[in-house]
Amino acid sequence: MSGERLIEEVGEQHAAALAAIHAAAFAAKDAWGEGAMGSLLATPGCFALIDRRGGCALARRIGDEAELLTLAVANSVRRQGIGQGLLRAAMARAAQAGATAMFLEVSTANRAAVALYTGAGFVEVGRRRGYYFDGTDAGTDALVLRAPLSGFCLPADRRAPRPPPVIPIKRDPA
Ligand SMILES: CC(C)(COP(=O)(O)OP(=O)(O)OC[C@H]1O[C@@H](n2cnc3c(N)ncnc32)[C@H](O)[C@@H]1OP(=O)(O)O)[C@@H](O)C(=O)NCCC(=O)NCCS
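Mapping the sequence shown onto this note's numbering, position 71 (from 1) lands on 116, and the numbers just tick up by one.
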């Protein structure tokens, strides 16, 4: 696989592939089907990335904010850096589209994902108590995490203008 791009941006025509990866990463009740993937990708600002080894990320940019909608790595290929690579690629893609921060929501019980996100610079900015149903009355909290995208490149039209070139002044010899 050397020399080949592992992460690619994909469109609505890849909804089935995205759903297959999601099904390999999530329990059946939580996996998003082909129809859901296609509908999401048809919404303005939404984009999807696939790592051909078995991972995907979906995110949406609204104004100068981006939201990570899902991140999924197939069970069989975890702990190889695929999730981290997809997350960074999604952050870079959102920054290129003009977002200055990315938000996401994650269950406090999802230790793998919380470790991945905090390791990538996300910090807690909110908590929804009992947000996820877990069979108990209390439920499981959802964390709202945020990361600035300032470390990722901005699109050309949002970069600070370059200073004018310094032109050496020729002086006539006195
Ligand atoms: C969360 C998930 C995307 C991580 O994908 P991954 O490819 O295995 O993650 P990476 O190999 O890139 O790991 C990056 C870092 O995340 C953390 N991490 C990942 N899996 C972890 C685990 N099981 N336990 C603790 N930390 C973990 C570690 O800090 C890891 O760095 P390290 O390997 O140097 O210790 C994957 O477990 C997954 O798809 N889970 C099911 C779906 C899900 O919960 N998605 C996120 C919520 S929407």
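Glycine included, C-beta positions come from ideal geometry on N, C-alpha and C.
Computed from a prediction, not measured in an experiment: that's the story for all the values here.
Endpoints, alpha helix (DSSP H) assigned at residue i
i, result
"alanine 140", "127-141"
Sub-8 Å separation of residue i and residue j beta-carbons
i, j, result
"phenylalanine 178", "leucine 149", "no"
"threonine 153", "leucine 188", "yes"
"alanine 70", "leucine 86", "no"
"isoleucine 52", "glycine 130", "yes"
"cysteine 57", "leucine 94", "In the sequence under discussion, the amino acid at residue 57 is glutamate, which differs from the cysteine named in the question. Going by C-beta atoms, glutamate 57 is not nearer than 8 Å to leucine 94."
"alanine 140", "leucine 194", "yes"
"glycine 196", "alanine 183", "no"
"leucine 113", "alanine 81", "no"
"arginine 191", "alanine 142", "no"
"glycine 90", "serine 121", "no"
"leucine 63", "cysteine 101", "yes"
Interface flag, residue i vs chain D, CB-CB below 8 Å
i, result
"glycine 90", "Structure shown: chain D not included; a single protein chain is present."
Assigned secondary structure, residue i (DSSP; H/G/I helix, E/B strand, else coil)
i, result
"arginine 156", "helix"
"glycine 164", "helix"
"alanine 144", "coil"
"glycine 41", "Given a span of 46 to 219 for the chain in the structure shown, any question on residue 41 remains unanswerable."
"glutamate 150", "strand"
"glutamate 169", "strand"
"arginine 50", "coil"
"glycine 175", "strand"
"aspartate 182", "coil"
Check: residue i C-beta below 7 Å from any heavy atom of ligand 1
i, result
"leucine 51", "no"
"isoleucine 95", "no"
"alanine 117", "yes"
"arginine 123", "yes"
"leucine 161", "yes"
Unbroken beta strand (DSSP E) run spanning residue i, endpoints
i, result
"threonine 185", "185-193"
Residue i Cβ short of 7 Å to ligand 3 heavy atom set
i, result
"alanine 146", "In the structure shown, ligand 3 is absent; the only ligands present are ligand 1."
Write down every uninterrupted run of the beta strand (DSSP E) in the region 52-135 whose length is 3 residues or greater and which is fully enclosed by it, in chain order.
Taking only runs of at least 3 residues, the beta strand (DSSP E) segments lying wholly in the region 52-135 are 52-55, 91-96, 100-107, 110-118.
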